[in-house]
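Numbering (the UniProt record's numbering), first residue to last: 1 to 320. What follows is a set of notes on a single structure, which appears directly below.
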Amino acid sequence: MRRWLSVACAIALLPLGAPGASAAEPDMSAPERAVPEKTGVIVDGGSGNRASLGATSTGNTVAGRVWNDDGDGVRQDHESAAQLEIRLWTHHPTAGWSAVRVTSYGGAYAFTDVPPGSYQVQVWVPASSPEAVTRFGAGGDRQRDSDVLGPNAESLPVVFADGGPETRGVDAGLVPGRSTGNSVKSAANHWCLDQEAPNGLPPTAGVGAYRCHGDRNQKWYFYWITTEVVEVWGGWNWDCLDQEFPGDQKTSEVGVHPCHGGVNQRWRVYHNELQGEPMTVANVRTGECLDQESPQGPPTSGVGVHACHGGLNQKWYVAD
């Protein structure tokens, strides 16, 4: 299922980037780290592959398929089912994380009678496992693609408003190997969010959008603070995507800086699969949105944070 990070921007009078610009790739190895696992209370949902969360009046359902993928990210009929623990997480402001778990017997699972709220699906892949999740959102068929990402095999937010019943599908394909992070691509021209490395040296603190080349300065990891709030860690040096506040003065600049837990390094993700899966990602401190800047129409290599307005240059999607 194609996940769009819909991120908005205001028209800002900033210098145009050169069309077709490409940031140089770094030529040094990056440090090794890991995205921490969620910790909290985990409750068994039962002995089968289904669990009811008790909200029978709403009738909401989260369900999906889990399979061993051949690497293309698309579930085919000949590919075998995978049997793994599936966790449905939620987050409470004081109690923290909690989850209900089932096992994907026969390659399928379901959480039924889900109350209104915000959730994430995780496919539990033990650290000792030789497997990782396959390509995210590949193939264009929402019924057969894989919807979890990152080393912890987590979905993007799954949100149920009041009312119902509604159903959300979250599927997961597995391949041999380990996660190397994900690209974040602009919908305006398919350039990648990039920790800039103009001289081929270790990246700077600058962030732009450039032609995708797949190196680590264009890879990003998602560390979820709640089901909808995330820190975005650069794959090169594990620093945080940051709305810059030099001297505590707000700017429209975006950089990558050592993580300190401040709200200007946290981003709220709004996701509604039923509306074509667009997502809006807003800085928690300001409410302003990430933007591939387009001061004169065509998108440039500039990336900033501006008032959200929902234009095409504000939409982003997660890819491999």
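Each residue gets a CB set at the ideal place from its N, CA and C atoms; glycine is no exception.
When the beta-carbon positions are compared, V254 and V318 stay at least 8 Å from each other.
Rounded to whole angstroms, P299 and K219 show a C-alpha spacing of 21 Å. The C-alpha of V74 lies about 14 Å from the C-alpha of G64. For G234, the number of other beta carbons within 10 angstroms of its own is at least 16, and it is reported as buried. Per DSSP, reduced to three states, the secondary structure at R216 is helical. Within a 10 Å sphere around the beta-carbon of A34 sit fewer than 16 other beta-carbons, which makes this residue exposed.
Per DSSP, Q83 lies in no beta strand (DSSP E) and is assigned neither H nor E. Cβ-Cβ distances below 7 Å link P176 to P130, E131 in the same chain, with the five nearest sequence neighbours on each side left out; the list follows chain order.
Contact between the segment 132 to 144 and the segment 83 to 102 is absent, with fewer than three C-beta pairs closer than 8 Å. Inter-residue distance for R211 and Q314 is about 17 Å (C-alpha atoms, whole angstroms). With respect to the 8 Å criterion, V123 and V148 are classified as neighbours on the basis of their beta carbons.
V66 sits in a strand when the DSSP states are folded into three classes. By alpha-carbon distance to E288, the top candidate from N264, S294, Q296 is N264. For T112, the enclosing beta strand (DSSP E) has its first and last residue at 108 to 114.
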